[in-house]
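Enquirer: Throughout the sequence shown, residue numbering follows my numbering, covering 8 to 592 in sequence. Sharing a structure with you now.
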Amino acid sequence: MRKFTADFETTTNVDNTHVWAYGISEIGNPDNFIYGTKISDFILWCYKQKDNPFIFFHNLKFDGVFILNYLLSNGYTYFKDKKDKKDKSFTCLISGDGLFYSLEIYFKTGRYHDQKVSIYDSLKILNMSVDKVAKSFKLPIGKLEIDYSRHNNLPEGSELTKEEVAYLRNDVEIMSRALDVMFTSGLTKMTIGSDALTDYKNMNKYFNNFFPVVDLELDKDLRESYRGGFTYLNPKYKFKETGKGIVLDVNSLYPSVLHNELMPYDMPVYFKGKYESDKDYPLYIQKISCSFKIKPNKIPCIQLKNYRLAFMENEYVEDSNGEIYTFTLTNVDLELFLKQYDIDYIEYEYGFKFKGIKGLFSSYIDKWTEEKIKAKKEGNSGMYTISKLLLNSLYGKFGTNPNTRRKYPYLEDGIVKFSLHEMETKDPIYVPIASFCTSYARRKTIETSQAIRDYSMKKYGVDKYIYSDTDSIHCLFDVDEIEDGVFKFKEEDKELNDIIDIDDYRLGAWKIESKYVKGKYIRQKCYIELGYDDKLNVVVAGLPKKLAHKVNFDNFNENLSVGGKLTFKHTKGGIVLVETTFTIK
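Listed below in structure tokens is the structure:
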């Protein structure tokens, strides 16, 4: 079965929306390049392929709307269940939050054989831009530039220039070459997370014994302990411009946790009230009801996302203000919580305890760490990128939510719209792994951040801790550069080497990643830092990188508005990107 990459070029005119070019590149045979100027010709090409090929678009959420518009406008009918397939029908997998995963078009159906094409989103495999894919894999070709608006007022089927054909070819060939590396390595699933889990299962033949499927009610209880990375701005530095500082990064935070820490396995055991020490079940998840207040100079570590009327969803709560709130924590989070807060009242409701084991993921982490090191030494950028992706994608797959709602498309006044199917459920994988992995990771970042605060306040009488984001910490120390990109603390702060586990390469250790001249911080994932090379690092969630040049120290404030951000607008014929204004709120 052959595989291809494809891409559409479309008009940016709301009143004249159509595909003005399509390109196709065969994976494993980049010399086979096909192109044309009409979406009808693209569908016809798909129809003529008798081997039911797979086609990958990079960002199917965009290109897929044009395909859906064409199908719904030309007599194709949507079906949800395979038993309802028929000639000129299609089905798709679109999540409740609008993520496109796949699209299957059935041209002819038969008792023994169907004539169809399966379309997937390569962005779910390589979650980066085409330009970054070319650079990450160090491909011999790169992304080109064209005038995207030239066809806005031209009729469908207008002739392409040589430059446009070259642009189109490079785009699909970049993805074709990169996916060829992935598939040749045996990574053939729909998402990189599925590839990671499949590879791990192949290495652990007792997977189902270690990670039994729990019922949905139990999964719901356990899932309440699952949280993301620790991202926190010290209020002392909010809206403030700081002097020189450094950024610390953990070498492969989540892989190091899977490799080094005690992880849960097997079926959990329910307990009422407070957990009692049990050497056979050393790990547990505990539901508590309590009232609390942060201890002096301690960093908060609790978010109460289920109480949105009382707290912001991303807020780390310092004081429950005398109110009692109920939430669920792993024992790792609970121990940290009790260390950071004064407890006014606490009731231990119930929980679930687990057997614990180390090393269950070591072979997997060692394998891809060694592949990454080997690829770097050999200059094999493709395998280096793949290794990094597989190292970081495994834990999250364990946390996949079993409750899903799919969207289905329909046409209204010539515009593709979507509605929701009923809620569906599938077997969970084993959410305790995801819960404990992220718990250990948060503990590492929070405890190191706290150690930096304690050290600086004791030595200098000043809190030099600024900001944390999952696996990084920003703080106001200076360092010496031993060699290019390698730093060490200055003599006056050498004690930090005893406080922070520093090593440039060891898995799970902190590395001094960079230093900067000055910085300014507004909120989580919203800051700027000026490097010693005079380059401004702009990190603003939601702001496209191509607009970062519009941000500087003078205008970087709350309510800063930047024009030029593109957003989707569904139109007759497909979808267009229209300019809107991004505002820091």
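Here a beta-carbon is modelled for each residue, glycine too, at the ideal position from N, C-alpha and C.
Based on Cα-Cα distance, which residue from 472, 522, 310, 43 lies nearest to residue 234?
Expert: Locating residue 234 in the sequence shown gives position 227, where the first residue counts as 1. Closest option to residue 234, Cα to Cα, is 310.
Enquirer: Based on the DSSP output, what are the partners of residue 571 in its beta bridges?
Expert: Mapped onto the sequence shown, residue 571 falls at position 564. The partner list for residue 571 (beta bridge, DSSP) is empty, contrary to what the question assumes.
Enquirer: Just to confirm, are residue 455 and residue 480 a CB contact at a threshold of 8 Å?
Expert: Your numbering for residue 455 matches position 448 in the sequence shown. Your numbering for residue 480 matches position 473 in the sequence shown. Taking 8 Å as the Cβ cut-off, residue 455 and residue 480 qualify as a contacting pair.
Enquirer: Using the three-state DSSP reduction, which class does residue 577 fall into: helix, strand or coil?
Expert: As a position in the sequence shown, residue 577 is number 570, starting the count at 1. Reduced to three states, the DSSP call for residue 577 is strand.
Enquirer: Output the boundary residues of the beta strand (DSSP E) element that contains residue 281.
Expert: Sequence index remark: in the sequence shown, residue 281 carries index 274 (1-based). Where residue 281 is concerned, there is no enclosing beta strand (DSSP E), given that its DSSP letter is neither H nor E.
Enquirer: Cα-Cα, which of 139, 35, 66, 36 is closest to residue 582?
Expert: Walking along the sequence shown from the start, residue 582 turns up at place 575. For residue 582, the nearest C-alpha among the options comes from 66.
Enquirer: Classify residue 530 as helix, strand or coil using the three-state DSSP reduction.
Expert: Taking the first residue of the sequence shown as position 1, residue 530 is located at position 523. Three-state result, residue 530: strand.
Enquirer: Find the nearest neighbour of residue 223 within the set 407, 178, 567, judged by alpha-carbon distance.
Expert: Here residue 223 refers to the residue found at position 216 of the sequence shown. Per the Cα distances, 407.
Enquirer: For residue 197, does the three-state DSSP call read helix, strand or coil?
Expert: Start at 1 with the first residue of the sequence shown, and residue 197 comes out as number 190. In the structure shown, residue 197 sits in coil (DSSP, three-state: anything other than H, G, I, E or B).
Enquirer: Is the distance from the Cβ of residue 535 to the Cβ of residue 558 below 8 Å?
Expert: Translated into the one-based positions of the sequence shown, residue 535 becomes position 528. Translated into the one-based positions of the sequence shown, residue 558 becomes position 551. Yes, the Cβ-Cβ distance between residue 535 and residue 558 is below 8 Å.
Enquirer: For my contact list, residue 180 and residue 327 are in at a C-beta cut-off of 8 Å; report their separation, rounded to the angstrom.
Expert: If you number the sequence shown from 1, residue 180 lands on position 173. If you number the sequence shown from 1, residue 327 lands on position 320. At roughly 57 Å, the Cβ-Cβ gap does not stay under 8 Å, so residue 180 and residue 327 are not in contact.
Enquirer: Excluding five sequence neighbours on each side, which residues of the same chain lie with their C-beta closer than 7 Å to the C-beta of residue 240?
Expert: Residue 240 sits at position 233 when you count from the first residue of the sequence shown. These residues qualify, in order along the chain: 474, 528, 530, 531.
Enquirer: Is the CB-CB distance between residue 221 and residue 393 below 8 Å?
Expert: Along the sequence shown, one-based indexing puts residue 221 at 214. Along the sequence shown, one-based indexing puts residue 393 at 386. No, the Cβ-Cβ distance between residue 221 and residue 393 is not below 8 Å.
Enquirer: Assuming residue 584 and residue 569 form a contact by the criterion Cβ under 8 Å, report the distance between their Cβ atoms to the nearest whole angstrom.
Expert: Within the sequence shown, the letter at position 577 stands for residue 584. Within the sequence shown, the letter at position 562 stands for residue 569. Incorrect: roughly 16 Å between the Cβ atoms, too far for contact.
Enquirer: Residue ranges of each beta strand (DSSP E) run of no fewer than 3 residues wholly in the stretch 283–327, ordered along the chain?
Expert: For the stretch 283–327, whole beta strand (DSSP E) runs of length 3 or above, ordered along the chain, are 290–301.
Enquirer: Along the chain, which unbroken stretches of the alpha helix (DSSP H) at least 4 residues long are found entirely within the stretch 492–517?
Expert: For the stretch 492–517, whole alpha helix (DSSP H) runs of length 4 or above, ordered along the chain, are 503–506.
Enquirer: I need the straight-line Cα distance from residue 314 to residue 333, nearest angstrom please.
Expert: If you number the sequence shown from 1, residue 314 lands on position 307. If you number the sequence shown from 1, residue 333 lands on position 326. Rounded to the nearest angstrom, the two C-alpha atoms are 10 Å apart.
Enquirer: Just to confirm the assignment: which complete beta strand (DSSP E) runs, minimum length 3, are found wholly within the stretch 12–49?
Expert: As far as the stretch 12–49 is concerned, its whole beta strand (DSSP E) runs of at least 3 residues are 26–33, 36–43.
Enquirer: For a quick check, are the C-beta atoms of residue 129 and residue 12 less than 8 Å apart?
Expert: Here the question's residue 129 lines up with position 122 in the sequence shown. Here the question's residue 12 lines up with position 5 in the sequence shown. Closer than 8 Å, so yes.
Enquirer: My output table needs one value for residue 410: the three-state DSSP class, helix, strand or coil.
Expert: On the sequence shown, residue 410 is found 403 positions in, with the first residue counted as 1. It is a strand residue.
Enquirer: Would you please state the rounded distance, in angstroms, between the beta carbons of residue 167 and residue 28? I believe it to be under 8 Å.
Expert: Sequence index remark: in the sequence shown, residue 167 carries index 160 (1-based). Sequence index remark: in the sequence shown, residue 28 carries index 21 (1-based). Between residue 28 and residue 167 the Cβ distance is about 6 Å, and since that is below 8 Å, they are a contact.
Enquirer: Would you check if there are 3 or more beta carbon pairs closer than 8 Å linking the stretch 399–415 to the stretch 425–436?
Expert: Yes, the stretch 399–415 touches the stretch 425–436.
Enquirer: Secondary structure at residue 222, three-state DSSP: helix, strand or coil?
Expert: The residue you call residue 222 lines up with position 215 of the sequence shown. Coil.
Enquirer: Out of 524, 344, 351, which one is the CA nearest neighbour of residue 457?
Expert: The residue labelled residue 457 in the question sits at position 450 within the sequence shown. Here the closest residue by C-alpha is 344.
Enquirer: With a threshold of 6 Å on Cβ separation, who are the neighbours of residue 164 within its own chain once the five nearest residues in sequence on each side are excluded?
Expert: Numbered from 1 along the sequence shown, position 157 holds the residue referred to as residue 164. Excluding sequence neighbours, residue 164 sits near 44, 45.
Enquirer: Which of helix, strand or coil does DSSP assign to residue 262?
Expert: Locating residue 262 in the sequence shown gives position 255, where the first residue counts as 1. The answer is helix: DSSP assigns residue 262 an H, G or I state.
Enquirer: In the DSSP assignment, find the unbroken beta strand (DSSP E) run with residue 333 in it and report its ends.
Expert: Within the sequence shown, numbered from 1, the residue matching residue 333 stands at position 326. Where residue 333 is concerned, the enclosing beta strand (DSSP E) stretches over 332–337.
Enquirer: Given 8 Å as the limit, is there contact between the stretch 286–294 and the stretch 341–361, that is, 3 or more CB pairs closer than that?
Expert: These segments touch.
Enquirer: Nearest by alpha-carbon distance to residue 395: which of 465, 258, 286 is it?
Expert: As a position in the sequence shown, residue 395 is number 388, starting the count at 1. Comparing Cα positions, the closest option is 258.
Enquirer: Three or more C-beta pairs closer than 8 Å, one from the stretch 272–290 and one from the stretch 417–434: is that the case here?
Expert: Result no; under three Cβ-Cβ pairs closer than 8 Å.
Enquirer: Kindly list the residues whose CB is nearer than 7 Å to the CB of residue 497, restricted to its own chain and excluding five residues on each side of it in sequence; keep chain order.
Expert: The residue labelled residue 497 in the question sits at position 490 within the sequence shown. The residues are 485, 486, 487.
Enquirer: Which of the three DSSP states, helix, strand or coil, is assigned to residue 182?
Expert: Taking the first residue of the sequence shown as position 1, residue 182 is located at position 175. If DSSP states are grouped into helix, strand and coil, residue 182 belongs with the helices.
Enquirer: Taking its Cβ as the centre, do 16 or more other Cβ atoms sit within 10 Å of residue 469, making it buried, or is it exposed?
Expert: Locating residue 469 in the sequence shown gives position 462, counting from the first residue. The residue is exposed, with fewer than 16 neighbouring Cβ atoms inside 10 Å.
Enquirer: Write down the C-beta distance between residue 272 and residue 362 rounded to the nearest angstrom, noting that I regard them as a contact closer than 8 Å.
Expert: Counting from 1 along the sequence shown, the entry for residue 272 is found at position 265. Counting from 1 along the sequence shown, the entry for residue 362 is found at position 355. Contact holds; Cβ gap of about 6 Å.
Enquirer: Looking at the structure shown, is residue 367 part of a helix, part of a strand, or coil, going by DSSP?
Expert: Locating residue 367 in the sequence shown gives position 360, where the first residue counts as 1. Looking at residue 367 - three-state DSSP - the assignment turns out to be coil, as it is neither helix nor strand.
Enquirer: Which term fits residue 506, buried or exposed, when burial requires 16 or more other beta carbons within 10 angstroms of its beta carbon?
Expert: Taking the first residue of the sequence shown as position 1, residue 506 is located at position 499. Per the 10 Å Cβ criterion, exposed.
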